[in-house]
Amino acid sequence: MSFGPATHQMSPPRQSNRTDSDHLAEATRLHEFALRERAAGRPGNAAPVCLEAVAILERECGHSSPEVANVLNTLGAVREDLSDYGAAEGDYRRAGAILAGIEGDDGVLVRLRVRTMSNLARINRVHGHLEEAERLFLEAIELAETTFDPHGPELPSLLNDLAVVYKYAARFDEAEALYRRALASIEATLGSAHPEAAA
Numbered sequence: 003m004s005f006g007p008a009t010h011q012m013s014p015p016r017q018s019n020r021t022d023s024d025h026l027a028e029a030t031r032l033h034e035f036a037l038r039e040r041a042a043g044r045p046g047n048a049a050p051v052c053l054e055a056v057a058i059l060e061r062e063c064g065h066s067s068p069e070v071a072n073v074l075n076t077l078g079a080v081r082e083d084l085s086d087y088g089a090a091e092g093d094y095r096r097a098g099a100i101l102a103g104i105e106g107d108d109g110v111l112v113r114l115r116v117r118t119m120s121n122l123a124r125i126n127r128v129h130g131h132l133e134e135a136e137r138l139f140l141e142a143i144e145l146a147e148t149t150f151d152p153h154g155p156e157l158p159s160l161l162n163d164l165a166v167v168y169k170y171a172a173r174f175d176e177a178e179a180l181y182r183r184a185l186a187s188i189e190a191t192l193g194s195a196h197p198e199a200a201a
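Count along the sequence shown starting at 1, add 2, and that's the number in this note's numbering.
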């Protein structure tokens, strides 16, 4: 889907006389507003709000915090919606660099790593860099397999995305195997009658 410029400009309601302790809550509120605007098909409204949230988080949490990486992933997705793929790739690469410098394997952090790798892989697929997209998707799949429930939501989506890479590369047998694996995982979790299984 292609998004044009926003037809109207909205700004999130702002609070006056904020103290320093309110800034993180403000960044969270801005991020949530950006997510809603993107979901409503208004990425032009979401982008500047994401940038504002990133600036607040950099100031309050540091430039290398997972909170910054999280919002950068949203900003990258917004820029993808706006067909600004170069800027989106920069956002994802910066998020990945931040996460590479953070130790820890709790579920939230690992999910953010998987999301970042998947986003960067998708950008490489858009650019036609299929070998790099394959590498990133395989890394994300390996991380998801070792961390999450095999029938959780992460793995089928990643398998499907890698299958698309193989389809573009005319590796049809490998693509079909991944599609079948993703479908089996969805059916095991949601049942064969679920819309996700029929998609």
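Where is the CB? At the ideal position from N, CA and C, for every residue including glycine.
- Distance from VAL80 to ARG40 at the Cβ level is roughly 5 angstroms; contact confirmed, criterion being Cβ atoms closer than 8 angstroms.
- The region 102-111 and the region 126-140 do not touch, with fewer than three beta-carbon pairs separated by less than 8 angstroms.
- Assigned with DSSP and collapsed to three states, ASP107 falls in coil, not helix or strand.
- For ALA142, the closest alpha carbon among the candidates VAL73, VAL112, ARG127, GLY46 is that of VAL112.
- Approximately 11 angstroms separates the beta-carbon atoms of LEU138 and ARG115; this is outside 8 angstroms, ruling out the contact.
- For ASP83, the number of other beta carbons within 10 angstroms of its own is at least 16, and it is reported as buried.
- Nearest to CYS52 by alpha-carbon distance, out of HIS33, GLU60, GLY43, is HIS33.
- Just so you know, the alpha carbons of ALA165 and PRO50 end up roughly 34 angstroms apart.
- A direct Cα-Cα distance of roughly 34 angstroms separates ALA99 from ALA186.
- Cα atoms of GLY92 and ASN75: separation of roughly 10 angstroms, rounded to the nearest angstrom.
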